[in-house]
Structure formats: structure tokens, C-alpha cells
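Chemist: Sequence order for the protein chains is A and B. Under my numbering, the first sequence has 37 at position 34, and the numbering climbs by one with no breaks. Under my numbering, the second sequence has 123 at position 120, and the numbering climbs by one with no breaks. Using N, Cα and C, we set each Cβ at its ideal position, and we do this for glycine too. Mind looking over this structure? Questions follow.
There are 2 protein chains.
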Amino acid sequence: MRELEERIKNDGQVLGEDVLKVDNFLNHQVDPQLMYHMGEEFHRLFQDKKITKILTVESSGIAPAVMAGLIFQVPVVFARKHKSLTLKNDLYTAKVYSFTKKVSNEISISKKFLSSDDHVLIIDDFLANGQAVQGLMEIIDAADATLEGVGIVIEKTFQKGRQLLDENGVEVQSLARIKAFENGQVVFVDEDQD
Amino acid sequence: MRELEERIKNDGQVLGEDVLKVDNFLNHQVDPQLMYHMGEEFHRLFQDKKITKILTVESSGIAPAVMAGLIFQVPVVFARKHKSLTLKNDLYTAKVYSFTKKVSNEISISKKFLSSDDHVLIIDDFLANGQAVQGLMEIIDAADATLEGVGIVIEKTFQKGRQLLDENGVEVQSLARIKAFENGQVVFVDEDQD
């Protein structure tokens, strides 16, 4: 998605080997117009699927997910992050390990918001090692719901998340695909073709 | 706002003396269409103000805030919640006490996303004791920005938040104003006039 790639080039900040900071339009400050255009793009990419619900994880997934939900006209459920829970009877939970922060968190979704009738589109801000998406997939399995696809804002193709999802036969569509950071600059997958 | 009041009547759940659970359309599962209509209503209520930025707090404030931002065509910044931070140089921070959870959290906003040129609209999901809004107001003060008003989805008029903001001369507009819970039912401020 050209608008997003340009925004990443202009406003993204490469930190070290593999971190891209996009807190000025996605992770802390949010550009609602860009989020809306991303929602339209997710709809274009998954319009042949019968989506009944969008799942994401708080907090950075919420803005792109609700814009997609607006266009798909379906409810959005955001999984909550916890250190770990004692009361779990009414919840689907999954463990999510963060390689960046080196901590394990639990994510949870109330059982009443996901059923076996649901056809789910997962939306998330980043795909790196795929841990968050995998946690949501465990929850979808536990609810006996159907995963229709995964929509990612920014994918880092050099980390193992994509491969993991491909191996599970999951359709993944990413709005921006980064293949490398070179000299502090972002290189997109399709950039050679320009 | 009639659509919101009806949704609260139909889907809200009164717990104990003073808690309203709206996790099926606002706090966990989100209805994007309703969020969009709320964004339109916030725009109608504050259209005479020159708003340059919308501020909210993660996570439940994000959905209504980004929809308002879409219609105002301004960036949205969501304050992050932490237990407490060591590195604070680049951040505005404020303490927020939660009466429900009986814990104190810190909220923070990167200094680069709020300046003295900004005219800010605060959007939040609930106004009860006003602690979150007060924290955001401290941050706006620290940045020497201008607070133009506060837009609330659900206000509980019987708690002290509204009075606190009135005393500070802040314009507050709430889309639903609850004056009491009676026998497990919600009673709105304007209900006698129906």
C-alpha cells in the first residue's frame, strides 16, 4: 500500500538491527485518515471472505481493527493483555511471548464474544515473530471458530512470523512488507521493481 | 444521544451499586458503526472549537477517539498506562488513581506529540471520579497546550468527576448521562422528560 510505505519512509524510525518505530502515526499518535484507508485496503484484500468478526490485541491493533470493522460492518473484539490471571472461567486465554520485551504475557477474550459460528479476520499492527497472531489463533481454535485470514499493517519478512503462518496454511495479507533495514533505512519487498 | 442510550439499556449490565459493564459494544467487543456515530456527535458538539489534536487513554478510549479524529481530521494521541517509569525525559507523565481497581497508575505521552500550539479535545469512555481526565489535563498543562473541551461517552453524574471539571471551568459534553442505577436498571438524566 503506497500511502503506508511512503509514511513509513518519511516518519518511521529504524532503531538498531530490527526495530521500526512508528509511534507518530500508528503506535502512540494515530493518523485516523490513514487508518481508514488501511481499513478500506483490508476490505479489498479480504472481500471474498465471509467475515463475521475482527479480532485484534490491545492497544496498537485497535485503531486499524475498528476502521476495518467499520468498512466490513462487523464487530471488533480486542484481546486484553495481562501478566497472568487467576479467574479464567469465562475467558479464552493464550500465552504470548514478546521477543522485544523478553516477557511472556497472557491475552484473553471473553467466551461470549467468540463462537463456533464466527468467521474471523485477525488484524494486527506488526508481524515479526508471529507470537501475538499465534495466540489469537489458539483462542480461535479453542472457540471452534473459523480463521479466514490475517491482515497485518507492517510485516518484517526477515523474521519468522510469515513462515510460521504459511506453514499453517493461513492467508496473510500485509499492507507494507519490509525485507531489510539497510543503513538505518527501510527496504520494502517490492522496492526493486520500482 | 438516543442510539447510545438505547444500546446501554439493551446491552449494558449493572453490577452492584455503581458499575456499568458495556464490554459488548465499547470496552472489549467494539461496535465500529456506533463508534462512528459517536464521533459524528462529538464533532457536532465541539464544531465551534478549533481542535488540532485529540487525546485519550488506552485502551477503551481509542475506538471512540479515532472515530472522532477521523471526522475532525486531526491526529489522535493515546496516553499509555504503566505501573511506573524510570526513564521519563521525553515524556509527560501524570498519576491516575482508579477507585474501581484501587491502584495508582502512571499515564504518559511523548513530549513530541503535544506542543503549546495544540488545541486539545479529550475523549474518554467513562467519566466517574474524573481521575483519568484530570491526569490528561495535567499533561496538557505541562505541555502548555490549550484544553478546548472534554467529550465523554458515558457519564455517571452521581460521582464527583463532573463537579471537579465544572469547578475548573472545563466544557464537558457527555453522550449519555446516567443519574442512578435503580433495581439493576440504568436511569438517564433526561429520562423524566420522555
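(1) Nearest CA to the CA of residue 41(B): which residue from 15(B), 194(B), 176(B)?
(2) Go ahead and label residue 7(A) buried or exposed: buried means 16 or more other beta carbons lie within 10 angstroms of its beta carbon, across all protein chains shown.
(3) Taking the continuous beta strand (DSSP E) assigned at residue 121(A), which residues delimit it?
(4) Provide the residue span of the beta strand (DSSP E) that contains residue 182(A), from first to last.
(5) Considering Cα atoms alone, identify which of 113(A), 71(A), 94(A) is closest to residue 128(A).
(6) Does the Cβ-Cβ distance between residue 55(B) and residue 122(B) come in under 7 Å?
(7) Could one say the Cβ of residue 49(A) lies closer than 7 Å to chain B's Cβ atoms, at least one of them?
(8) Can you find the residues in the same chain that come closer than 8 Å, C-beta to C-beta, to residue 179(A), ignoring five residues on each side of it along the sequence?
(9) Residue 108(A) bridges to which residues according to DSSP?
(10) Under 8 Å, CB to CB, which of the residues in the segment 29 to 55 of chain B have a partner in chain A?
(11) Measuring straight from C-alpha to C-alpha, what distance separates residue 161(B) and residue 183(B)?
(12) So residue 67(A) and residue 38(A) are in contact, right, with Cβ under 8 Å, and what is the actual spacing, rounded?
(13) Report the three-state DSSP secondary structure of residue 85(A) (helix, strand or coil).
(14) Cutting at 6 Å between CB atoms, please list the residues of its own chain near residue 208(B), excluding the five before and the five after it.
(15) So, with DSSP's three-state summary, where would you put residue 32(A)?
(16) Return the CA-CA distance between residue 163(A) and residue 62(B), expressed in angstroms with no decimal places.
(17) Within this structure, are the beta carbons of residue 112(B) and residue 138(B) separated by less than 7 Å?
(18) Indicate whether at least one CB of chain B lies closer than 7 Å to the CB of residue 65(A).
(19) Verify the CB distance criterion: does residue 61(A) have a CB-CB separation below 7 Å to chain B?
(20) Between 105(B), 35(B), 136(B), which has its C-alpha nearest residue 97(B)'s C-alpha?
(21) Is there a Cβ of chain A sitting closer than 7 Å to that of residue 116(B), yes or no?
(22) Note the first and the last residue of the continuous beta strand (DSSP E) segment covering residue 60(B).
(23) Check the Cβ-Cβ distances between residue 72(B) and every residue of chain A, and say whether any is below 7 Å.
(24) Along chain A, which residues have their Cβ under 9 Å away from the Cβ of residue 80(B)?
(25) Would you tell me roughly how many angstroms separate the C-alpha atoms of residue 197(A) and residue 73(A), rounded to the nearest one?
(26) With distance defined between alpha-carbon atoms, name the residue in 103(A), 107(A), 146(A) nearest to residue 87(A).
(27) Kindly list, in the order they appear in chain A, the residues whose Cβ is closer than 9 Å to that of residue 14(B).
(28) Tell me whether the beta-carbon of residue 126(B) lies closer than 7 Å to the beta-carbon of residue 154(B).
(29) Start and end of the beta strand (DSSP E) containing residue 16(B)?
(30) Rounding to the nearest angstrom, what Cα-Cα distance links residue 31(A) and residue 142(A) in this structure?
(31) Is DSSP giving residue 136(A) helix, strand or coil here?
(32) I want to see whether chain C comes within less than 7 Å of residue 106(B), judged by CB atoms only; does it?
Modeler: Taking the definition as stated:
(1) As a first step, residue 41(B) must be located in the second sequence, where it is residue number 38. Here the closest residue by C-alpha is 176(B).
(2) Residue mapping note: residue 7(A) aligns to position 4 of the first sequence, counting from 1. Looking at its Cβ environment, which holds 16 or more other Cβ atoms inside 10 Å, residue 7(A) is buried.
(3) Locating residue 121(A) in the first sequence gives position 118, where the first residue counts as 1. It is not in any beta strand (DSSP E) - residue 121(A) carries neither H nor E in the DSSP assignment.
(4) Your numbering for residue 182(A) matches position 179 in the first sequence. Annotation: the continuous beta strand (DSSP E) that includes residue 182(A) extends over 175 to 185.
(5) One-based indexing of the first sequence puts residue 128(A) at position 125. The shortest C-alpha separation from residue 128(A) is found at 71(A).
(6) Within the second sequence, residue 55(B) is the residue found at index 52, counting from 1. Within the second sequence, residue 122(B) is the residue found at index 119, counting from 1. One thing to note: residue 55(B) has its Cβ within 7 Å of the Cβ of residue 122(B).
(7) Numbered from its first residue, the first sequence carries residue 49(A) at position 46. Not an interface residue.
(8) Along the first sequence, read from residue 1 onward, the residue named residue 179(A) stands at position 176. For residue 179(A), where only same-chain residues beyond five positions count, the Cβ hits under 8 Å are 4, 7, 8, 11, 156, 157, 158, 191.
(9) By 1-based counting over the first sequence, the position of residue 108(A) is 105. Residue 108(A) is bridged to 99(A).
(10) Under the 8 Å Cβ criterion, the segment 29 to 55 of chain B contributes 31, 32, 33, 34, 35, 36, 38, 39.
(11) Sequence index remark: in the second sequence, residue 161(B) carries index 158 (1-based). Sequence index remark: in the second sequence, residue 183(B) carries index 180 (1-based). For residue 161(B) and residue 183(B), the distance between alpha carbons rounds to 7 Å.
(12) Residue mapping note: residue 67(A) aligns to position 64 of the first sequence, counting from 1. Residue mapping note: residue 38(A) aligns to position 35 of the first sequence, counting from 1. With a contact defined as Cβ atoms closer than 8 Å, residue 67(A) and residue 38(A) qualify at about 5 Å.
(13) Position 82 of the first sequence holds residue 85(A). Strand at residue 85(A).
(14) Lying before the first or after the last residue shown, residue 208(B) is absent from chain B, which here runs from 4 to 197.
(15) Against the first sequence, residue 32(A) aligns to sequence position 29. Secondary structure of residue 32(A) (DSSP, three-state): strand.
(16) In the first sequence, residue 163(A) corresponds to position 160, counting from 1. In the second sequence, residue 62(B) corresponds to position 59, counting from 1. Going by the C-alpha atoms only, they are around 28 Å apart.
(17) Here residue 112(B) corresponds to residue number 109 of the second sequence, with the count starting at 1. Here residue 138(B) corresponds to residue number 135 of the second sequence, with the count starting at 1. No, Cβ-Cβ distance for residue 112(B) and residue 138(B) is not below 7 Å.
(18) Within the first sequence, numbered from 1, the residue matching residue 65(A) stands at position 62. So yes, residue 65(A) belongs to the interface.
(19) Sequence index remark: in the first sequence, residue 61(A) carries index 58 (1-based). So yes, residue 61(A) belongs to the interface.
(20) Walking along the second sequence from the start, residue 97(B) turns up at place 94. Cα-wise, what sits closest to residue 97(B) is 136(B).
(21) In the second sequence, the residue the question calls residue 116(B) occupies position 113. Among the CB atoms of chain A, one or more fall inside 7 Å of the CB of residue 116(B).
(22) As a working mapping, residue 60(B) is identified with position 57 in the second sequence. For residue 60(B), the uninterrupted beta strand (DSSP E) segment begins and ends at 56 to 60.
(23) Position 69 of the second sequence holds residue 72(B). Yes, residue 72(B) lies at the interface with chain A (some Cβ there is under 7 Å from its Cβ).
(24) In the second sequence, the residue the question calls residue 80(B) occupies position 77. Simply 31, 32, 33.
(25) Translated into positions along the first sequence, residue 197(A) becomes position 194. Translated into positions along the first sequence, residue 73(A) becomes position 70. Its pLDDT being 47, under 50, residue 197(A) is placed unreliably in this model, and the value from its coordinates should be taken loosely. If you draw a straight line from the Cα of residue 197(A) to the Cα of residue 73(A), it comes to about 33 Å.
(26) If you number the first sequence from 1, residue 87(A) lands on position 84. The shortest CA-to-CA distance from residue 87(A) to any of 103(A), 107(A), 146(A) is the one to 107(A).
(27) In the second sequence, residue 14(B) corresponds to position 11, counting from 1. In chain order: nothing, as chain A lies at least about 11 Å away.
(28) If you number the second sequence from 1, residue 126(B) lands on position 123. If you number the second sequence from 1, residue 154(B) lands on position 151. Taking 7 Å as the Cβ cut-off, residue 126(B) and residue 154(B) qualify as a contacting pair.
(29) As a working note, residue 16(B) is residue 13 in the second sequence. Unbroken beta strand (DSSP E) run through residue 16(B): 16 to 18.
(30) Along the first sequence, one-based indexing puts residue 31(A) at 28. Along the first sequence, one-based indexing puts residue 142(A) at 139. Roughly 27 Å between the two C-alpha positions.
(31) One-based indexing of the first sequence puts residue 136(A) at position 133. Note: residue 136(A) maps to helix in three-state DSSP.
(32) Annotation note: the requested chain C is absent from the structure, which comprises protein chains A and B.
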